[in-house]
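Just so you know, we're using numbering that gives the first Met the number 0 here: the sequence shown kicks off at 0 and counts up by one.
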Amino acid sequence: MDAGRLFEGRRVLVFGIANERSIAWGIARAMHEQGARCAFTYAGEVLEKRVRPLAEQVGADLVLPCDVTDEAQIDAVFQQVEERWGGLDVMVHAVAYANREDLDGRFVDTSRQGFLTALEISAYSLVALTRRAAPLLVPTKGSIVTLTYYGAEKVVPNYNVMGVAKAALEAAVRYLAAELGPEGVRINAISAGAIKTLAASGVKGFRTMLAIAEERAPLRRNITLDDVAGAALYLCSELGAGVTGEVLHVDAGYHVRGM
Ligand code: NAD
């Protein structure tokens, strides 16, 4: 293996940076430190103001608008990536959304529209983006990583429809892994423990989740952006060359506990 930096010259396209607390930013920064070239996307003008300074910090080649519900914007992103780079090495998908009222109260009260919105933005977007990324990803080297949460596997209070969306996301990772695999392209998910971010603040009782995780996780602490970034470096580099379709828990061990 090359003794130099893990991502030297690799072209990394990132979806999901909202601000400096975003998991996607933690991953992008770590890949940049390992030599990666970055392209960032942002969802709407309000976030553009937050994302541009971060893009400057890593000298990003492209900073493009992309609401993942907008097919034309997705097409435009991949067209510009192809024009600029002619290919792609890594795609980071760290996008999720549910209406605030669906992250509180009873899951059974989730509206049809609320359900569709959460599943569209948080799960279908991975399929839509992977379809465009696949022809650009370098055979035997290309890799995709997405972010999920334990609420996909077990009932977590107030996570509700997002748990169902994450279950769909994790299943999508397995189906996509089977289809991308013959080209040597890999896709994996990181099941991250709770981290205080913009998206997390939408989940009612999030502070309690942090406190419980710290008290009960085997490592007796919450996780950091660097913990998640380290896992992403592993999964998306040669270090993870034999791994695809996996859901890797980066949660200080919380998921191993029964009672
Ligand atoms: P974040 O708010 O920083 O990131 C969420 C991103 O989703 C934002 O950048 C937002 O712009 C983007 N997004 C929402 N709707 C969009 C749309 N229609 N089009 C394009 N982008 C859209 O929060 P985060 O915690 O860094 O979230 C990143 C990922 O990590 C999410 O998938 C989240 O579910 C997952 N995750 C977070 C935690 C946690 O505790 N923070 C734990 C496990 C998994």
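From the three backbone atoms N, C-alpha and C, an ideal C-beta is built for every residue, glycine too.
Owing to the predicted nature of the structure, the values given are computational and were not obtained by experimental measurement.
> Is it buried or exposed for TYR174, if we count other Cβ within 10 angstroms and need 16 for buried?
Replying inline: exposed
> How should ALA191 be labelled, buried or exposed, when 16 other C-beta atoms within 10 angstroms of its C-beta is the threshold for buried?
Replying inline: buried
>> Quick check on ASN187: does DSSP put it in helix, strand or coil?
In response: strand
> How close, in whole Å, do the beta carbons of ILE26 and ALA188 come, if the pair is a contact with beta carbons under 8 Å?
Replying inline: That belief does not hold up - the Cβ atoms of ILE26 and ALA188 are roughly 13 Å apart, past 8 Å.
> Near PRO138, what residues of its chain come up, given a Cβ to Cβ distance below 8 Å and the 5 sequence neighbours on each side ignored?
Replying inline: Around PRO138: GLU182, GLY183, VAL184.
> Apart from the five residues on each side of it in sequence, which residues of its chain come closer than 7 Å, Cβ to Cβ, to MET0?
Replying inline: Confidence at MET0 is low in this model, with a pLDDT of 49, below 50, so its placement is unreliable and the value that follows should be read with caution. Here the set comprises GLU237.
> By a C-beta neighbour count over all protein chains shown, 10 Å radius and 16 as the cutoff for buried, is LEU197 buried or exposed?
Replying inline: exposed
>> Could you check if GLY15 belongs to the surroundings of the ligand NAD, using beta carbon to heavy atom distance under 6 Å?
In response: yes
> What is the C-beta distance between VAL50 and VAL67, in whole angstroms, given that I count them as a contact (C-beta under 8 Å)?
Replying inline: The pair is not a contact, with the Cβ atoms about 15 Å apart (cut-off 8 Å).
> Which residues share a DSSP beta bridge with SER142?
Replying inline: VAL89, ARG185
> By how many angstroms is the C-alpha of ILE211 removed from the C-alpha of ILE260?
Replying inline: Coverage of the chain is limited to positions 0 through 258, which leaves residue 260 absent and any answer about it impossible.
> Taking the runs of the beta strand (DSSP E) that are 3 residues or longer, which of them lie wholly in the region 8 to 81?
Replying inline: 10 to 14, 36 to 41, 61 to 64
> In the DSSP assignment, what are the bridge partners of THR147?
Replying inline: SER190
> When DSSP labels each residue in this structure, what does VAL137 get in the three-state scheme?
Replying inline: coil
> Distance, Cα to Cα, THR135 vs GLN112?
Replying inline: The amino acid occupying residue 135 in the given sequence is Leu; Thr does not appear at that position. Going from the Cα of LEU135 to the Cα of GLN112 covers about 33 Å.
> How is VAL242 classed by DSSP in three states: helix, strand or coil?
Replying inline: coil
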